[in-house]
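Just so we're aligned: 57 in numbering that gives the first Met the number 0 is position 58 of the sequence shown, and the numbers increase by one with no gaps anywhere. A virtual CB, placed ideally from N, CA and C, is assigned to each residue, including glycine.
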Amino acid sequence: MKKMKNGGRYFMASVRIGPKGQIVIPKEARELFGLEPGDALVLLADRKRGIALQTVDTLEPVVRKIFDTLPEREEADE
Numbered sequence: 000m001k002k003m004k005n006g007g008r009y010f011m012a013s014v015r016i017g018p019k020g021q022i023v024i025p026k027e028a029r030e031l032f033g034l035e036p037g038d039a040l041v042l043l044a045d046r047k048r049g050i051a052l053q054t055v056d057t058l059e060p061v062v063r064k065i066f067d068t069l070p071e072r073e074e075a076d077e
């Protein structure tokens, strides 16, 4: 099952988990997001909301904002 909606903004497909726990991201989804072999993705999981994959480039600014708001702590001497 593969479906494109709203002029190519949305994509849905079913994938299977292989014997090594791997999935294949369909070609249409890779093209939609410009994913190439070797690109890094972050897997986010929540028992109630499900699983999401996000590109590292998209999450980096969010993570930087989080770290920038954390109070600075002195590093312990080793």
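> What residue does the alpha helix (DSSP H) around Glu23 start on, and which one ends it?
Replying inline: Note that residue 23 is Val in the sequence shown here, rather than Glu. That residue, Val23, is in no alpha helix (DSSP H); it is neither H nor E in DSSP.
>> Measuring straight from C-alpha to C-alpha, what distance separates Arg29 and Thr68?
In response: Going by the C-alpha atoms only, they are around 33 Å apart.
> What span of residues does the alpha helix (DSSP H) with Asp67 cover, start to end?
Replying inline: Val55 to Thr68
>> If you follow the beta strand (DSSP E) that Val41 is in, where does it begin and where does it stop?
In response: In the DSSP assignment, Val41 falls within the beta strand (DSSP E) that extends over Leu40 to Asp45.
> Going by the CB atoms, is the gap between Thr54 and Asp38 shorter than 8 Å?
Replying inline: yes
> Rounded to whole angstroms, how far is the Cβ of Leu52 from the Cβ of Leu42, which I believe are closer than 8 Å?
Replying inline: Going by Cβ atoms, the distance from Leu52 to Leu42 rounds to 6 Å, so yes, they are a contact pair.
> Of all the options Gly20, Ile24 and Gly7, which has the alpha carbon lying nearest to the alpha carbon of Ser13?
Replying inline: Ile24
> Under the three-state reduction of DSSP, which class applies to Leu52: helix, strand or coil?
Replying inline: strand
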